[in-house]
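Read the structure below first, then the notes.
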Amino acid sequence: MTEAAPDPLRHLTSLLFNIPPEKFSVLVHDLESRRRAGSPDDNVDSILDRLRPRLAIMQPKRAPTIKRLLCDPFEDVLYNSTRDLKPIGRIPRNVLGYCWDVLREEIGEFDLDRIERDITEVDGDDLIAIDLAGAELWQLAATCFNGLLATARRDRDARQSLEKRLGGELGMDSLRDIAGFLDIGPSLISLRRSMSRPPIEQPTSTDVLGVAEAIGSVNLIRPDRLEYLIYVVLGRMTESTDVLDILRRVGEDDPELPTDRMLSTAGEAIASQIEAAVAEMEFRVDSDTNADNLARQAGQFVETLRKAGEAARATGSRQHSRQIEQITNELARQARNQLVEIGDQDITKLTRSISAGDWGANEENSGDEIQAIELLQGRVTTLKLMTGFSDDLRLSDDIDNRLDQIRDAAKSAASQIREQISAGDIGDEPSRRRAYAVIRLVELTSGSEDADRLRQRLVDYIKAIEAV
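Residue numbering for the sequence shown follows this note's numbering, beginning at 4 and increasing consecutively.
As structure tokens, this is what we get:
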């Protein structure tokens with residue numbers, strides 16, 4: 004039997020973000036063509052999933068499809084999750100297939116196939132035609148989903164059946180939100196087109212005006228769906244708390260709007276999304292670089308929690324304040340366990356070795372000793388990254404104590420290096436590497452002045468040896 008030729012898509016995943024921009028659109032078009040053609044290779048979907056961050060930034064022209072059209076109103080709130088978590092205002096991508104299957108089963112394929120034929124014949128730039136098809140699809144789907152949910156609320160058996168069809172409770176919760184988004188689909192599309200491309204790092208006056216117009220429109224036609232508009236605005240922000248400033252500005256310009264309710268809705272969603280992000284955060288420190296990245300991520304969470312807490316206090320929401328405090332405590336627990344205490348054995352091991360006077364005495368151990376020092380260098384970098392937000396997590400004393408321990412160990416190791424230089428015991432390459440590793444640790448813990456003096460002494464010593 005002849006084996007199938009290897010599919011080049013299987014080797015693309017490691018190269019996705021090295022693809023030149025001019026070729027990126029071509030790649031996306033080819034991948035989507037393969038998917039529409041019914042390619043059995045799961046790598047097509049997985050590669051497109053990997054491309055989503057770059058797709059969001061570059062937004063290349065893509066062929067309209069009925070599934071993408073269905074999701075257009077709430078595209079900004081979609082996310083990939085490795086756990087069964089659904090924060091308020093977000094929809095996990097892995098439930099969309101279940102929802103689509105339910106829609107096809109309930110309304111039949113005739114109308115959906117007709118809409119799909121219509122949009123496949125439409126030019127991707129013909130927004131009027133796409134919007135007309137979208138409005139029909141969103142109303143059709145919203146009516147279907149709302150009807151199923153209403154029946155499920157009245158009938159326990161119907162609820163259990165629907166939940167099973169949707170893959171579980173996560174699917175049920177998501178369907179409820181999807182119906183809410185679709186109820187105001189045209190307004191959400193107008194909102195998205197009026198705002199800057201996401202992720203929005205700094206909202207402009209045009210962004211605020213677009214939000215104000217959308218809120219005014221939805222508040223008139225479907226005030227009960229106003230929360231879903233806020234979720235979309237939130238999903239477009241780099242810094243989630245910026246939505247609070249936008250809502251305040253909108254409320255100041257129109258006192259008739261339910262500003263307090265909108266701020267409460269946004270605050271609740273922000274807290275819920277941070278809570279889910281903290282839960283998703285994998286504190287598995289496999290390398291110093293990973294530890295540093297986690298420390299930076301924790302710092303970003305702290306900053307967002309700080310702003311969310313200020314907003315909760317401003318609105319007088321005790322519930323949100325308590326929720327934010329609970330999330331902060333959980334973040335502090337994880338940070339203490341996995342970023343602060345995880346390296347304690349490295350500190351203790353080196354400190355004991357230096358105190359015993361046997362550190363640096365055996366050249367056969369130089370490799371292990373260098374590795375131990377480099378681990379401590381990474382620990383210092385991570386702990387210093389955390390000092391900027393340690394007060395918020397009540398970790399300042401824990402971090403300071405460990406930095407002091409490492410500083411004392413570095414000074415002791417430096418003292419032994421000086422003694423070895425005086426005795427002429429630093430001659431081979433491993434011992435020199437060990438000495439330079441100690442100097443770097445001194446530099447991280449005590450500053451460059453002490454490190455430079457020891458470095459110069461070592462350089463002079465090596466030059467003197469090599470001159471002989």
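Where a beta carbon is used, it is the ideal one built from N, C-alpha and C, also for glycine. Note that the structure is predicted; figures quoted are calculated from it, not measured.
For residue i: DSSP bridge partner residues
i: I203; result: M240
i: L81; result: I94
Contact set for residue i: own chain, Cβ-Cβ below 7 Å, skip 5 residues either direction
i: D401; result: R339 and V343
i: A274; result: A311, H323, Q326, I327 and I330
i: I424; result: R460, L461 and Y464
i: E3; result: This structure leaves residue 3 out entirely; the chain is present only between 4 and 471.
i: T154; result: A161
i: A294; result: V288, L342, G381 and T385
Under 8 Å between C-beta atoms of residue i and residue j
i: N386; j: R405; result: Before going further, note that residue 386 is Leu rather than Asn in the sequence given. Yes; because the gap between Cβ atoms is below 8 Å, this pair is in contact.
i: I376; j: L444; result: yes
i: D186; j: A145; result: yes
i: L232; j: L191; result: yes
i: I122; j: P76; result: no
i: A413; j: T448; result: yes
i: A132; j: I118; result: no
i: R382; j: G346; result: yes
i: I350; j: Q408; result: yes
i: C147; j: L106; result: yes
i: E446; j: A440; result: no
i: P202; j: I249; result: no
i: L178; j: L143; result: no
i: E271; j: R86; result: no
i: Y101; j: G174; result: yes
i: R37; j: V47; result: yes
i: L514; j: G213; result: Not covered by the structure: residue 514. The range shown for the chain is 4 to 471.
i: T318; j: S243; result: no
i: G302; j: G391; result: yes
i: L130; j: I69; result: no
i: D428; j: V305; result: no
i: L510; j: A269; result: Summary: the structure shown does not reach residue 510, with the chain confined to residues 4 through 471, and so no result is reported for it.
Sequence-distant residues of its chain with Cβ nearer than 6 Å to residue i (five each side left out)
i: E278; result: I330
i: R353; result: The question names Arg, but residue 353 in the sequence shown is Leu. If we look at L353 and ignore the five residues flanking it on each side, its Cβ neighbours are A375 and A412.
i: S84; result: P95
i: P90; result: S275, Q276 and A279
i: L457; result: A417 and I442
i: S415; result: I357
i: D245; result: P206
i: S393; result: S399 and I402
i: R120; result: none
CB-CB length for residue i against residue j, believed under 8 Å
i: V80; j: V235; result: 6 Å
i: R252; j: V211; result: 5 Å
i: A138; j: G183; result: In fact, because the Cβ distance is near 16 Å, the residues do not count as touching under 8 Å.
i: M389; j: A298; result: 5 Å
i: L34; j: I50; result: 6 Å
i: A215; j: L266; result: Their Cβ separation, rounded to whole angstroms, is 15 Å, which puts A215 and L266 out of contact at 8 Å.
Proximal residues to residue i (C-beta, below 8 Å), its chain only, five neighbours per side dropped
i: P261; result: N222, P226 and L229
i: G219; result: D257 and L260
i: V125; result: P67, A132, I133 and A136
Boundaries of the alpha helix (DSSP H) in which residue i is found, first to last residue
i: F392; result: Neither: F392 is in no alpha helix (DSSP H) and is coded neither H nor E.
i: L130; result: L130 to R157
i: D263; result: T262 to E283
i: T68; result: Where T68 is concerned, there is no enclosing alpha helix (DSSP H), given that its DSSP letter is neither H nor E.
i: L406; result: S399 to A426
i: R195; result: G188 to S197
i: P433; result: E432 to S449
i: E124; result: Counting along the chain, E124 falls outside any alpha helix (DSSP H), and DSSP gives it neither H nor E.
i: S220; result: S208 to I224
i: G254; result: D245 to D256
i: L334; result: R321 to A338
i: G170; result: Counting along the chain, G170 falls outside any alpha helix (DSSP H), and DSSP gives it neither H nor E.
i: V105; result: L99 to I110
Distance cut-off 7 Å: residue i Cβ against heavy atoms of the ligand MG
i: D257; result: This structure does not include the ligand MG; it has no bound ligands of any sort.
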